[in-house]
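**Student:** Structure incoming, see below.
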Amino acid sequence: MRKPIRYTLATVSILLGVLIGYLWLTFASPFGYNPRPEYLPAIDEDATYSVFVYGTLKQPWVRWLVMGRAGDSEPARLPGFRKEELDIQAAAGAVTEGEVITVNADEIRALDRYERLGIRYERVELPLQNGNTAWVYRLMDPLVQEISEEVLD
Numbered sequence: 001m002r003k004p005i006r007y008t009l010a011t012v013s014i015l016l017g018v019l020i021g022y023l024w025l026t027f028a029s030p031f032g033y034n035p036r037p038e039y040l041p042a043i044d045e046d047a048t049y050s051v052f053v054y055g056t057l058k059q060p061w062v063r064w065l066v067m068g069r070a071g072d073s074e075p076a077r078l079p080g081f082r083k084e085e086l087d088i089q090a091a092a093g094a095v096t097e098g099e100v101i102t103v104n105a106d107e108i109r110a111l112d113r114y115e116r117l118g119i120r121y122e123r124v125e126l127p128l129q130n131g132n133t134a135w136v137y138r139l140m141d142p143l144v145q146e147i148s149e150e151v152l153d
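In the numbering used here, the protein residues as written are 1 to 153.
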């Protein structure tokens, strides 16, 4: 009777370790990520940034895992774009529903790392429906992704 309990505890421990490793690799790991592209303005340590989120980052628990806090969010709309799976595409007359979060310098770096800025996503500043602007992560063009991957190899 003791052996099945030990095997069960060992299995649960291994699965828990794998889960924690996966979450760390996905949300916090610097592996597979290079610093942000040079074309973006430098991150000001004393500034705050508005970020429009429309996918997984709408979930407070995901933001907590990525940035260390869930933060507050406000509903927002991004005109001229429609959501397509993990991306937004320009489309006349379309509006993407999302949220705006306000982040500091360390948090925007964490978001850049999570989105694999310059490898998988680009960060662009776009106007919201209320007239304010916010940073938005968009999937990079596949050709640009291929070039980035070649440079990294």
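All C-beta atoms, glycine included, are put in the ideal place defined by N, C-alpha and C.
Since the structure is predicted, the reported quantities are computational estimates derived from the model, not experimental observations.
1) From what residue to what residue does the alpha helix (DSSP H) around Tyr114 run?
2) Which same chain residues end up closer than 6 Å to Ala105 when comparing Cβ atoms and leaving out the 5 residues on each side of it in sequence?
3) Run the CB neighbour count on Tyr155, radius 10 Å, all protein chains shown included, and call it buried at 16 or more, exposed below.
4) Leaving aside the five residues before and after Val53 along the sequence, list all residues of the same chain whose C-beta is less than 7 Å from its C-beta, in chain order.
5) Can you tell me the Cα-Cα spacing of Ala90 and Glu74, whole angstroms?
6) Which residue wins for smallest C-alpha separation from Ser23, given the options Pro4, Val62, Ala10?
7) Tell me the DSSP secondary structure of Tyr137 in three-state form.
8) Cβ of Ala110 within 8 Å of Cβ of Val66?
9) Within 10 angstroms of the Cβ of Thr96, are there 16 or more other Cβ atoms? Answer buried if so, exposed if not.
**Tutor:** Concretely, from the data shown:
1) Element bounds for Tyr114: 105-115.
2) Annotation for Ala105: Ile43, Glu45 place their beta carbon closer than 6 Å to its own, counting only its chain and skipping 5 residues before and after.
3) The requested residue 155 is not part of the displayed model; the chain covers only 1 to 153.
4) Scanning its chain for C-beta atoms nearer than 7 Å, with the 5 sequence neighbours on each side dropped, one finds around Val53 the residues Gly98, Glu99, Ile101, in chain order.
5) So the alpha carbons of these two residues sit roughly 23 Å apart.
6) It should be pointed out that residue 23 corresponds to Leu in this sequence rather than to Ser. The shortest C-alpha separation from Leu23 is found at Val62.
7) For Tyr137, the secondary structure class from DSSP, reduced to helix, strand or coil, is strand.
8) Against a cut-off of 8 Å, the Cβ pair of Val66 and Ala110 comes out as a contact.
9) By the beta-carbon neighbour count (other beta carbons within 10 angstroms, threshold 16), Thr96 is buried.
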